[in-house]
Amino acid sequence: QVHSQGRARSSLRFPGQNSINHPEVLNFRIQLESKELIIHLERNEGLIASSFTETHYLQDGTDISLSRNHTGHCYYHGHVQGYSGSTASLSTCSSLRGLITFENNTFILEPMTNETNAYKLFPVENLKGTWGPCGSHHSTSALAAENRLPPPSQTWARRHKRETLKMTKYVELVIVADNREFQRQGKDLEKVKQRLIEIANHVDKFYRPLNIRIVLVGVEVWNDIDKCSISQDPFTSLHEFLDWRKMKLLPRKSHDNAQLISGVYFQGTTIGMAPIMSMCTAEQSGGIVMDHSDSPLGAAVTLAHELGHNFGMNHDTLERGCGCSVAADKGGCIMNPSTGFPFPMVFSSCSKKDLEISLEKGVGMCLFNLPEVKQSFGGQKCGNGYVEQGEECDCGEPEECLNLCCNATTCTLKPDAVCAHGLCCEDCQLKPAGTACRDSSNSCDLPEFCTGASPHCPANVYLHDGHACQGVDGYCYNGICQTHEQQCVTLWGPGRWLPPVGAEQWGWGARSVSTSITPAVDAKCGKIQCQGGASRPVIGTNAVSIETNIPLQEGGRILCRGTHVYLGDDLPDPGLVLAGTKCADGKVCLNRRCQNTSVFGVHECVMQCHQRGVCNNRKNCHCEAHWAPPFCDKFGFGGSTDSGPIRRAGEWGQHVPGSGGNPPVGNPVHPH
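Next comes the structure, spelled out in structure tokens:
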């Protein structure tokens with residue numbers, strides 16, 4: 001038993017993180033004042049991917065990466081029996097510890113110091129820690145303004161929103177602990193690794209209601225020295241970490257997002273920072289988190305907040321009027337600008353809306369691929385909902401299985417069934433090759449089609465960086481079509497437009513982020529200038545209007561309107577032109593400079609497609625409807641080696657979106 005605010009003994013034995021003896025299901029009782037609570041836990045299968053590695057360093061700087069071969073881990077999710085809406089997120093690695101929430105109250109369960117099998121349960125308000133805000137103190141974002149604007153195609157947008165939100169997103173996450181964190185945890189390598197996984201377990205619990213799963217693909221501990229400069233300046237530390245991630249971590253470890261857990265106390269009151277709308281990008285998909293609490297829960301809440309910024313979520317400021325299901329005195333919602341007592345663990349209506357709009361714009365293009373779990377660190381088990389090695393299907397426990405194609409007891413297909421799961425499985429049979437299974441989400445995305453050989457929709461692909469957007473005057477960058485016009489709407493609302501040609505010579509972005517004068521060729525990559533729109537910026541009370549009357553060569557004057565918006569150091573100023581925005585024919589803004597799209601290598605990639613297709617982000621040709629990959633030089637069914645064929649046999653009317661190519665003369669060759 002475990003008693004609140006006191007000592008108690010437990011008959012439970014915890015064999016350690018590396019043991020195989022952690023049960024799949026665990027029940028235990030807690031005596032809380034006059035209540036006896038029964039906690040039901042199930043091991044969080046799928047938390048840790050098959051590619052999961054643990055990395056640390058030798059004294060000479062050599063990195064050591066280990067792959068776990070365990071059949072079970074020690075991280076659990078669950079609930080309090082008999083209490084609707086209750087949650088539990090605990091670990092049993094070396095002892096029982098974690099959080100339990102019921103009746104709008106959150107409690108921390110921890111082992112007693114210097115006691116064997118003795119535990120304490122106390123309100124989260126009593127937890128020791130350092131509290132403060134995210135690096136952004138005032139954030140009413142560009143996305144909040146966009147919420148009021150109808151999309152170009154209402155019907156398409158509604159359909160795509162339903163499909164995108166319905167699909168589970170998987171964030172393949174790496175968590176890194178810096179050297180100061182290693183020291184603060186007693187230089188105990190296993191303790192630090194365990195703490196990082198426990199943080200991920202909590203974050204996964206927070207994001208599940210949004211249909212987002214956190215899949216840990218790696219933890220890394222800088223036990224010798226920091227691999228980049230980490231200081232008390234959070235802004236500098238963030239950019240140092242993001243640069244290290246891009247240059248060092250990404251080439252050796254495939255992942256979607258990386259977060260640094262730091263033992264350094266950042267200056268001021270900042271406890272975390274992350275760029276907004278940066279998920280899946282090589283440059284900025286990550287953040288930094290100060291480990292500000294004795295419990296891993298503190299860092300988990302901050303990490304969830306910074307990850308929210310990566311997803312495009314902004315702070316829940318009063319002026320946004322966000323709906324939160326938890327009262328402020330009970331913790332409020334995760335995207336509150338400042339973290340305090342108790343911990344927030346849910347997302348607000350504003351966060352959900354921000355997420356919807358980000359996904360519609362193409363943010364998070366890498367998240368729709370199911371990570372490999374056939375050799376899951378979580379262990380194999382028929383009934384856990386994951387199709388693992390040796391299983392034909394898995395629809396959960398027999399009492400909860402609703403799949404008509406799968407035998408829940410044996411995890412095998414029923415007679416005459418060919419498949420049981422996947423977007424390309426219907427009525428227990430494979431859909432024909434060429435059946436659309438994932439529509440393009442924006443002008444830079446490509447659709448995917450069933451292959452006829454697999455029940456699963458192919459992994460998401462999109463247009464190569466530097467490709468012309470489909471139907472929009474711009475260029476693709478990280479799967480999104482950035483335009484000046486779109487950014488002017490974001491800043492000033494409907495009714496805005498760009499200054500006439502020639503106005504840029506008088507100061508369209510006349511200064512970059514630094515104080516030096518920007519060359520004329522780079523003018524469109526600094527502060528964006530707009531005309532018209534609302535009387536003041538629509539993105540919040542902290543936006544400052546910068547207006548300039550510009551004389552035109554042909555006579556007359558125009559009013560150019562720029563803005564400066566303070567969102568804090570961790571969020572970019574939306575008054576600056578976004579990277580990837582078209583600045584001239586064949587050129588885009590990169591690092592505040594107008595650069596040729598040739599830097600992306602898109603022209604070389606397109607050349608191999610024989611003018612009958614486009615190039616995707618994997619540098620493969622996506623062919624028109626009547627030409628075959630990989631080079632669109634032979635008759636076929638279109639598509640790419642990544643996306644599947646774009647039409648079925650006998651169909652002649654489908655084309656690559658925006659291609660407009662003509663079908664070849666003669667009959668197509670059927671693939672074998």
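FYI, UniProt numbering numbers position 240 of the sequence shown as 240, with every residue one higher than the one before it. Glycine residues also receive a C-beta, built at the ideal position from the N, C-alpha and C atoms.
Can residue i and residue j be called in contact, C-beta distance under 8 Å?
{"i": "Ser643", "j": "Pro458", "result": "yes"}
{"i": "Ile38", "j": "Gln81", "result": "yes"}
{"i": "Leu430", "j": "His456", "result": "no"}
{"i": "Val219", "j": "Ile197", "result": "yes"}
{"i": "Arg622", "j": "Asn616", "result": "Correcting the residue type first, residue 622 is His in the shown sequence and not Arg. In this structure, Asn616 lies closer than 8 Å to His622 by Cβ."}
{"i": "Cys280", "j": "Gly383", "result": "no"}
{"i": "Tyr477", "j": "Val614", "result": "no"}
{"i": "Val289", "j": "Gln259", "result": "yes"}
{"i": "Glu181", "j": "Ile271", "result": "no"}
{"i": "Ser295", "j": "Leu127", "result": "yes"}
{"i": "residue 673", "j": "Gly323", "result": "Nothing in the structure corresponds to residue 673, since the chain is present only between 1 and 672."}
{"i": "Leu210", "j": "Asn257", "result": "no"}
{"i": "Met335", "j": "Ser348", "result": "yes"}
{"i": "Asp291", "j": "Gly263", "result": "yes"}
{"i": "Pro275", "j": "Asn314", "result": "no"}
{"i": "Ala300", "j": "Val203", "result": "yes"}
Classify residue i as helix, strand or coil using the three-state DSSP reduction.
{"i": "Asn223", "result": "coil"}
{"i": "Phe343", "result": "coil"}
{"i": "Ile100", "result": "strand"}
{"i": "Arg162", "result": "Legend: pLDDT at Arg162 = 46, less than 50; position of this residue unreliable, value from coordinates given subsequently. In this structure, Arg162 counts as helix in the three-state DSSP scheme."}
{"i": "Ser514", "result": "Its pLDDT being 34, under 50, Ser514 is placed unreliably by the model, and nothing is read from it."}
{"i": "Ser545", "result": "strand"}
{"i": "Asn596", "result": "strand"}
{"i": "Gly562", "result": "strand"}
{"i": "Asn310", "result": "helix"}
{"i": "Thr302", "result": "helix"}
{"i": "Thr490", "result": "helix"}
{"i": "Met290", "result": "strand"}
{"i": "Asn44", "result": "coil"}
{"i": "Lys374", "result": "Bear in mind that the predicted position of Lys374 carries a pLDDT of just 40, short of 50, making it unreliable; the figure below should be weighed with that in mind. It is coil, neither helix nor strand."}
{"i": "Cys350", "result": "helix"}
{"i": "Gln389", "result": "coil"}
{"i": "Ala579", "result": "coil"}
{"i": "Arg213", "result": "strand"}
{"i": "Lys524", "result": "helix"}
{"i": "Ile357", "result": "helix"}
Check for me: the beta strand (DSSP E) holding residue i runs from which residue to which?
{"i": "Lys120", "result": "119-123"}
{"i": "Asp63", "result": "63-67"}
{"i": "Tyr57", "result": "48-57"}
{"i": "Val203", "result": "That residue, Val203, is in no beta strand (DSSP E); its alpha helix (DSSP H) goes 189-207."}
{"i": "Asn27", "result": "25-32"}
{"i": "Phe107", "result": "105-111"}
{"i": "His79", "result": "75-80"}
In angstroms, rounded to a whole number, what distance separates the CA positions of residue i and residue j?
{"i": "Met345", "j": "Gly298", "result": "11 Å"}
{"i": "Asn27", "j": "His79", "result": "10 Å"}
{"i": "Lys191", "j": "Glu115", "result": "18 Å"}
{"i": "Leu367", "j": "Glu554", "result": "51 Å"}
{"i": "Pro123", "j": "Leu99", "result": "10 Å"}
{"i": "Leu359", "j": "Lys205", "result": "21 Å"}
{"i": "Asn620", "j": "Pro630", "result": "7 Å"}
{"i": "Thr412", "j": "Gly396", "result": "12 Å"}
{"i": "residue 741", "j": "Gly362", "result": "Given that the chain is displayed from residue 1 to residue 672, the structure contains no residue 741 and the question cannot be resolved."}
{"i": "Val472", "j": "Leu446", "result": "15 Å"}
{"i": "Tyr76", "j": "Gly385", "result": "15 Å"}
{"i": "Glu125", "j": "Gly85", "result": "20 Å"}
{"i": "Thr92", "j": "Ala408", "result": "28 Å"}
{"i": "Pro537", "j": "His239", "result": "28 Å"}
{"i": "Ile212", "j": "Tyr170", "result": "6 Å"}
{"i": "Glu485", "j": "Gly321", "result": "27 Å"}
{"i": "Ala534", "j": "His603", "result": "40 Å"}
{"i": "residue 716", "j": "Ile225", "result": "This structure does not reach residue 716, given that the chain is present from 1 up to 672, and the question cannot be answered."}
{"i": "Arg245", "j": "Val174", "result": "10 Å"}
{"i": "Arg648", "j": "Asn369", "result": "24 Å"}
{"i": "Asp522", "j": "Gln529", "result": "14 Å"}
Tell me which residue opens and which closes the alpha helix (DSSP H) that residue i is part of.
{"i": "Ala584", "result": "No alpha helix (DSSP H) contains Ala584, which is instead part of the beta strand (DSSP E) from 582-584."}
{"i": "Pro234", "result": "234-244"}
Can a CB atom of chain C be found closer than 8 Å to the CB of residue i?
{"i": "Asn620", "result": "In the displayed structure, chain C is absent; only one protein chain is listed."}
- Query: Does the segment 240-258 come close enough to the segment 440-454 that 3 or more CB-CB pairs lie under 8 Å?
  - Reply: no
- Message: So, does the segment 632-643 touch the segment 471-487, judging by three or more C-beta pairs under 8 Å?
- Response: no
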